[in-house]
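Taking numbering that gives the first Met the number 0, I'd label the letters of the sequence shown as residues 0 to 77. Below: one structure, written as structure tokens.
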Amino acid sequence: MRVEVKLFASLKRNYPSGMSDERVVELESGTSVARLLDMLDIPRKAAKIILRNGRHAEPEDILEDGDRLAIFPPIAGG
Numbered sequence: 000m001r002v003e004v005k006l007f008a009s010l011k012r013n014y015p016s017g018m019s020d021e022r023v024v025e026l027e028s029g030t031s032v033a034r035l036l037d038m039l040d041i042p043r044k045a046a047k048i049i050l051r052n053g054r055h056a057e058p059e060d061i062l063e064d065g066d067r068l069a070i071f072p073p074i075a076g077g
């Protein structure tokens with residue numbers, strides 16, 4: 000199955016240089032959000048906000064073909 004992943008802010012460094020900020024990832028059926036984070040070498044603490052098709056996602060959620068994930072690090076401002 001295929002899912003689209005978009006990383007934001009400091010998480011973009013997990014993409015090879017020159018790659019756009021969106022990426023399509025091929026996964027086995029039954030893959031969880033947590034497993035995808037592991038595959039992308041993103042520590043779970045670094046993925047503070049995860050949206051799946053525009054809605055909050057939990058690490059144990061099972062992904063489906065065509066899902067769109069947006070992954071954000073902790074954000075601070077002043």
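In this text, a Cβ means the ideal position worked out from N, Cα and C, and glycines have one as well.
{"Query": "Own chain, CB closer than 8 Å to Lys11, minus 5 neighbours either side, in chain order", "Result": "Asp20"}
{"Query": "Residue of Arg67, Gly29, Ser9 and Arg51 minimising C-alpha distance to Ile41", "Result": "Ser9"}
{"Query": "Assigned secondary structure, Gly9 (DSSP; H/G/I helix, E/B strand, else coil)", "Result": "It should be noted that the sequence gives Ser, not Gly, for residue 9. Of the three classes helix, strand and coil, the one that applies to Ser9 here is helix, per DSSP."}
{"Query": "Helix, strand or coil at Ala45 according to DSSP, with G and I counted as helix", "Result": "helix"}
{"Query": "Nearest candidate by alpha-carbon position, reference Glu57, set Thr30, Phe7, Gly65 and Asp64", "Result": "Thr30"}
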